[in-house]
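Trainee: Quick note on numbering: the numbering used here labels position 106 of the sequence shown as 113, and the sequence is numbered without any gaps. From the three backbone atoms N, C-alpha and C, an ideal C-beta is built for every residue, glycine too. Since we're looking at a predicted model, the values are computed, not measured. Got a structure for you, written out below as structure tokens; questions coming shortly.
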Amino acid sequence: INKLVEKIKQTKAPIVVGLDPMLSYVPEHITKKAYAEYGETLKGAAEAIWLYNRELIDHIHDLIPAVKPQIAMYEQFGVEGLITFQKTVDYCHEKDLIVIGDVKRGDIGSTAHLGKVQVGAKKIPAFNEDFATVNPYLGSDGITPFLDVCKEEKKGLFILVKTSNPSSGEFQDQMIGEKHLYEMVGERVAEW
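Structure (structure tokens):
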């Protein structure tokens, strides 16, 4: 968090740029180049996203403190999309950007985005984001593994409390006694 705060001060930009790729966002000259090399395949689509991300990052890296790639947008392209996600994370780190992996995890023990995986005698980071978004609605046993790995790896979390999607209020705005559900979640997050 100290690095994020310092980058915000340095850039005077308390913002984060979402890297939520859709092929419809990519200029035609980029998709044509990717398709010429790999065809109209998942690899071609992922290459188009990578070329677009790289150019975007080249133009913004000195203006902003952080980026937030949304993993589901990469996963739509299968394994090739995950490769592009990783290349994007690595390139952002090369450009000294803070990376917030918008992964919305909350499953017990699935901390690969922040932690390391044991491979033989080595522990290796799989995705290596600086922060991850996590969903607290499974309760503390869905969050505790992330808290533990954050302490070990000096990483951070953004924990969903009240989301911005239009229908979020169907559940999150429900009153429980005198408080909204999201307020109760926020209080629990503060305790964690």
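With a CB to CB cut of under 7 Å and the five nearest residues on each side skipped, what residues in its chain are close to K10?
Mentor: Looking up residue 10 in the sequence shown gives position 3. Within the same chain, K10 has close Cβ partners I105.
Trainee: By DSSP, does Q83 sit in helix, in strand, or in coil?
Mentor: On the sequence shown, residue 83 is found 76 positions in, with the first residue counted as 1. The answer is coil: DSSP assigns Q83 none of H, G, I, E or B.
Trainee: Taking all protein chains shown into account, do 16 or more other C-beta atoms lie within 10 angstroms of the C-beta of P28, making it buried, or fewer, making it exposed?
Mentor: Looking up residue 28 in the sequence shown gives position 21. Label assigned to P28: buried.
Trainee: What number of angstroms, rounded off, separates the C-alpha of D69 from the C-alpha of K186?
Mentor: Stepping through the sequence shown from its first residue, residue 69 is reached at position 62. Stepping through the sequence shown from its first residue, residue 186 is reached at position 179. Each residue's Cα considered, the two are about 42 Å apart.
Trainee: I want to know whether the region 46-64 touches the region 12-32 - three or more CB-CB distances under 8 Å.
Mentor: Yes: the two stretches touch, three or more of their Cβ pairs being nearer than 8 Å.
Trainee: Mark P21 as exposed unless 16 or more other C-beta atoms lie within 10 angstroms of its C-beta, in which case mark it buried.
Mentor: Counted from its first residue, the sequence shown places residue 21 at position 14. So P21 counts as exposed.
Trainee: Can you tell me which of the three DSSP states T91 falls into?
Mentor: What you label residue 91 is simply residue 84 of the sequence shown in a count that begins at 1. Helix.
Trainee: Who pairs with I105 in a beta bridge, going by DSSP?
Mentor: Within the sequence shown, residue 105 is the residue found at index 98, counting from 1. Bridge partners of I105: A73.
Trainee: Using the beta-carbon count (16 or more within 10 Å), is G122 buried or exposed?
Mentor: In the sequence shown, the residue the question calls residue 122 occupies position 115. With 16 or more Cβ atoms within 10 Å of its Cβ, G122 is classed as buried.
Trainee: Tell me the DSSP secondary structure of L121 in three-state form.
Mentor: Position 114 of the sequence shown, counted from the start, is the residue given in the question as residue 121. Coil, per DSSP.
Trainee: My understanding is that V192 touches P143, with C-beta atoms under 8 Å, so please give their C-beta distance in whole angstroms.
Mentor: In the sequence shown, the residue the question calls residue 192 occupies position 185. In the sequence shown, the residue the question calls residue 143 occupies position 136. Indeed, because the Cβ distance is near 6 Å, the residues count as touching under 8 Å.
Trainee: Of the choices R112, A128, E177, whose alpha-carbon is the least far from that of I150?
Mentor: As a first step, residue 150 must be located in the sequence shown, where it is residue number 143. Closest option to I150, Cα to Cα, is R112.
Trainee: Use the C-beta contact count for V124: other C-beta atoms within 10 angstroms, 16 or more gives buried, fewer gives exposed.
Mentor: Locating residue 124 in the sequence shown gives position 117, counting from the first residue. Label assigned to V124: exposed.
Trainee: Going by beta carbon distance, what residues of the same chain come within less than 6 Å of H120, once the five residues before and after it are set aside?
Mentor: Indexing the sequence shown from 1 puts residue 120 at position 113. Around H120: G108, V110, F134, E136, A139.
Trainee: Suppose you measure from the CA of T180 to the CA of E198; what does that come to, to the nearest Å?
Mentor: Here the question's residue 180 lines up with position 173 in the sequence shown. Here the question's residue 198 lines up with position 191 in the sequence shown. The displayed chain sequence assigns Asp, not Thr, to residue 180. Each residue's Cα considered, the two are about 21 Å apart.
Trainee: Spatial neighbours of K75 within its chain, please: C-beta separation below 6 Å, excluding the five flanking residues on both sides.
Mentor: Along the sequence shown, one-based indexing puts residue 75 at 68. The residues are V23, G25, I107, D109.
Trainee: How far does the alpha helix (DSSP H) with L11 in it reach, from first residue to last?
Mentor: Within the sequence shown, the letter at position 4 stands for residue 11. That run of the alpha helix (DSSP H) goes 9-18.
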